[in-house]
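Student: Okay, handing you the structure first.
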Amino acid sequence: MLVVTDLVRRFGDLTAVDGVSFRIAPGETYGLLGPNGAGKTTTISMIAGLVAADAGTVTVAGQPMGPSRTEVKRHIGLVPQDLAIYPELTGRENLTFFGRLQGLRGKELGSRIDTVLDLVGLADRAKDATKEYSGGMKRRLNIGIGLLHRPTLLILDEPTVGVDPQSRNAILESVEALSVEGMAVLYTTHYMEEAERLCDRIAIVDSGRFQAEGTRDELIRLVGGVDRIRLSGGGSVAAAAEALAALPAVVHVDADRREIVLTVRDAPAAVAAVVNGATDAGMSLSGVEITRPNLESVFLHLTGKALRD
């Protein structure tokens, strides 16, 4: 559905996007994960034909994209960071206006508006002026506008910024439903948990470049892909550490008088054997803590800084 090849965009001496390449298949949700200023918005602006690339190509549904390619843009639904709604109009009136811009009319337009209002959870507020909406409701309407014309590629640029937790969850649930329907989704975020929840594949972006790309598990393997189990307590700690070192899932053991830290493969599967082994060896447990590597760990490993720096 989308093929991006060696994309470059410069602003004076700043190279905002530096040789980016990736593909998205129908039904796939692809995430661009990186801090503010990483080049995510510039990348999607070129993909949507809003900004010309200095080098590289973008193909949408097999057709080359550029600022003058109006017909190709019909394949895309763009949901920008900045709200693109009219505050004096109701939710339904906003959808009607943007639907007509996309060439929808009559019963087809009415049917699509009803469908979209249900999807984004605004059917009960459709007759209210959008200036009365909460920030989260406005974001959800913004997504609905992008969906009206049944795009084959939906681009969502930081759609949950500044919204309350309830609205954020509603947005994420809406996005999850889209890939099930076969729509390709390009999702930019600096929230690790959103990328982990939504995206089939993720590109870690920093300073205009892709630092790594893959599924969550593939990216986790870049930092070793191992978990940690921390046991705290008393009793025969040294004997427990010796016994646990013999377990097949255990890679490494560190211990002191009150604590054992195990590096293990697949901690959720191994924790029962670890707890049983420790207690059988005479350790009295007061706490068990599992730590698993996440995308924040990968970002820190690749760039040397935290995701939100």
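According to UniProt numbering, the residues represented by the sequence shown are 1 to 309, in order. Beta carbons are placed, not taken as given, at the ideal position from N, Cα and C, and that holds for glycine. This one's a predicted model, so the numbers in the text were calculated from it and none came from an experiment.
Less than 8 Å between the CB atoms is what I'm expecting for Leu262 and Val275, so what's the real figure, rounded?
Tutor: Here the question's residue 262 lines up with position 262 in the sequence shown. Here the question's residue 275 lines up with position 275 in the sequence shown. At roughly 11 Å, the Cβ-Cβ gap does not stay under 8 Å, so Leu262 and Val275 are not in contact.
Student: Can you round the beta-carbon distance between Met283 and Val237 to whole angstroms, since I take them to be within the 8 Å contact cut?
Tutor: The residue labelled residue 283 in the question sits at position 283 within the sequence shown. The residue labelled residue 237 in the question sits at position 237 within the sequence shown. Between Val237 and Met283 the Cβ distance is about 6 Å, and since that is below 8 Å, they are a contact.
Student: Roughly how many angstroms separate the alpha carbons of Glu194 and Leu172, rounded to a whole number?
Tutor: On the sequence shown, residue 194 is found 194 positions in, with the first residue counted as 1. On the sequence shown, residue 172 is found 172 positions in, with the first residue counted as 1. Taking the straight line from one Cα to the other gives about 8 Å.
Student: Between which two residues does the beta strand (DSSP E) carrying Ile85 extend?
Tutor: One-based indexing of the sequence shown puts residue 85 at position 85. Segment: none, Ile85 is in no beta strand (DSSP E) and carries neither H nor E.
Student: Kindly indicate which three-state DSSP category Glu158 falls into: helix, strand or coil?
Tutor: Position 158 of the sequence shown, counted from the start, is the residue given in the question as residue 158. DSSP places Glu158 in coil when its eight states are reduced to three.
Student: Less than 8 Å between the CB atoms is what I'm expecting for Leu119 and Ala126, so what's the real figure, rounded?
Tutor: For the purposes of this step, residue 119 is taken as residue 119 along the sequence shown, with counting starting at 1. For the purposes of this step, residue 126 is taken as residue 126 along the sequence shown, with counting starting at 1. Rounded, the Cβ-Cβ distance is 13 Å, inconsistent with contact.
Student: Could you check the C-alpha separation between Leu109 and Arg228 for me, to the nearest Å?
Tutor: Along the sequence shown, one-based indexing puts residue 109 at 109. Along the sequence shown, one-based indexing puts residue 228 at 228. When rounded, the distance between both Cα atoms is 54 Å.
Student: Tell me the residue span of the alpha helix (DSSP H) that contains Ser45.
Tutor: Reading the sequence shown from its first residue, position 45 is the one you call residue 45. First-last of the alpha helix (DSSP H) with Ser45: 40-47.
Student: Within this structure, are the beta carbons of Met46 and Val60 separated by less than 8 Å?
Tutor: Mapped onto the sequence shown, residue 46 falls at position 46. Mapped onto the sequence shown, residue 60 falls at position 60. Contact: no.
Student: Are the beta-carbon atoms of Gly77 and Gly146 separated by less than 8 Å?
Tutor: Looking up residue 77 in the sequence shown gives position 77. Looking up residue 146 in the sequence shown gives position 146. Yes, the Cβ-Cβ distance between Gly77 and Gly146 is below 8 Å.
Student: Just mark His190 as buried or exposed, buried being the case when its beta carbon has 16 or more other beta carbons within 10 Å.
Tutor: The count along the sequence shown starts at 1 and reaches residue 190 at position 190. It is buried - the Cβ of His190 has at least 16 other Cβ atoms within 10 Å.
Student: On the three-state DSSP scale, how would you describe Val51?
Tutor: Against the sequence shown, residue 51 aligns to sequence position 51. Note: Val51 maps to coil in three-state DSSP.
Student: Can you check which of these residues, Arg150, Leu95, Leu32, Gly208, is closest to Arg9 by C-alpha distance?
Tutor: For the purposes of this step, residue 9 is taken as residue 9 along the sequence shown, with counting starting at 1. Per the Cα distances, Gly208.
Student: So who's on the other strand from Val261, going by DSSP bridges?
Tutor: Taking the first residue of the sequence shown as position 1, residue 261 is located at position 261. Arg230, Asp254.
Student: Would you give the residue range spanned by the alpha helix (DSSP H) that Met137 belongs to?
Tutor: Working through the sequence shown from its first residue, we reach residue 137 at position 137. Its alpha helix (DSSP H) spans residues 135-147.
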